[in-house]
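Engineer: Numbering (numbering that gives the first Met the number 0), first residue to last: 0 to 125.
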Amino acid sequence: MLGVAAVGIAGLVVAPAPPASAGLPYGCELSAVCVYLTSADWIARRPTASFTKVTEEFVVLGPRSRHGYAVFNSRFDDTVYLMSRDGTEVCVEPHSTWFHDESGTSRKIADLQIVDDFNCYLDGGY
Numbered sequence: 000m001l002g003v004a005a006v007g008i009a010g011l012v013v014a015p016a017p018p019a020s021a022g023l024p025y026g027c028e029l030s031a032v033c034v035y036l037t038s039a040d041w042i043a044r045r046p047t048a049s050f051t052k053v054t055e056e057f058v059v060l061g062p063r064s065r066h067g068y069a070v071f072n073s074r075f076d077d078t079v080y081l082m083s084r085d086g087t088e089v090c091v092e093p094h095s096t097w098f099h100d101e102s103g104t105s106r107k108i109a110d111l112q113i114v115d116d117f118n119c120y121l122d123g124g125y
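This is the structure we're talking about:
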């Protein structure tokens with residue numbers, strides 16, 4: 000069983016996803032990016048929104064994903080960029096999870112972009 004390793008950067012936590020249960024990983028379809036609005040949704044493996052298309056620009060998140068607690072990138076070769084309300088960005092690599100650090104910051108995700116690239120490239124993101 001894998002443990003959860005985390006690195007906190009400016010109040011946010013990026014961590015590998017917890018161990019998979021039977022069926023879909025974390026309730027997320029393969030090749031999708033799933034958002035879990037609350038910690039209860041994450042624990043229940045119940046995504047509240049999912050995204051599957053590579054986008055050229057950021058997509059504004061709706062009420063089932065905006066300010067989400069966790070984002071799981073089940074894609075195998077695409078990265079996901081998340082943008083907060085203040086314009087800072089975080090990148091979620093393939094088959095990784097991002098968690099909002101509820102104790103440290105007011106930054107919450109507002110926009111999402113799926114990019115056809117395996118690596119993350121950020122200039123001063125969080």
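Note that CB positions come from ideal geometry on N, CA and C, so glycine has one too.
Less than 8 Å separating the beta-carbons of D85 and R106?
Structural biologist: Along the sequence shown, one-based indexing puts residue 85 at 86. Along the sequence shown, one-based indexing puts residue 106 at 107. Their beta carbons are under 8 Å apart, which means D85 touches R106 by this criterion.
Engineer: Please name the residue or residues paired with I42 in a DSSP beta bridge.
Structural biologist: Residue mapping note: residue 42 aligns to position 43 of the sequence shown, counting from 1. BP columns for I42 are empty, so no partner.
Engineer: Alpha carbon to alpha carbon, what distance is there between F117 and F71?
Structural biologist: For the purposes of this step, residue 71 is taken as residue 72 along the sequence shown, with counting starting at 1. For the purposes of this step, residue 117 is taken as residue 118 along the sequence shown, with counting starting at 1. Their Cα atoms are separated by approximately 15 Å.
Engineer: Between which two residues does the beta strand (DSSP E) carrying T87 extend?
Structural biologist: In the sequence shown, the residue the question calls residue 87 occupies position 88. Taken as a continuous stretch (DSSP letters only), T87 belongs to no beta strand (DSSP E), as it is neither H nor E.
Engineer: With a CB to CB cut of under 6 Å and the five nearest residues on each side skipped, what residues in its chain are close to G26?
Structural biologist: In the sequence shown, residue 26 corresponds to position 27, counting from 1. Here the set comprises R44, R45 and P46.
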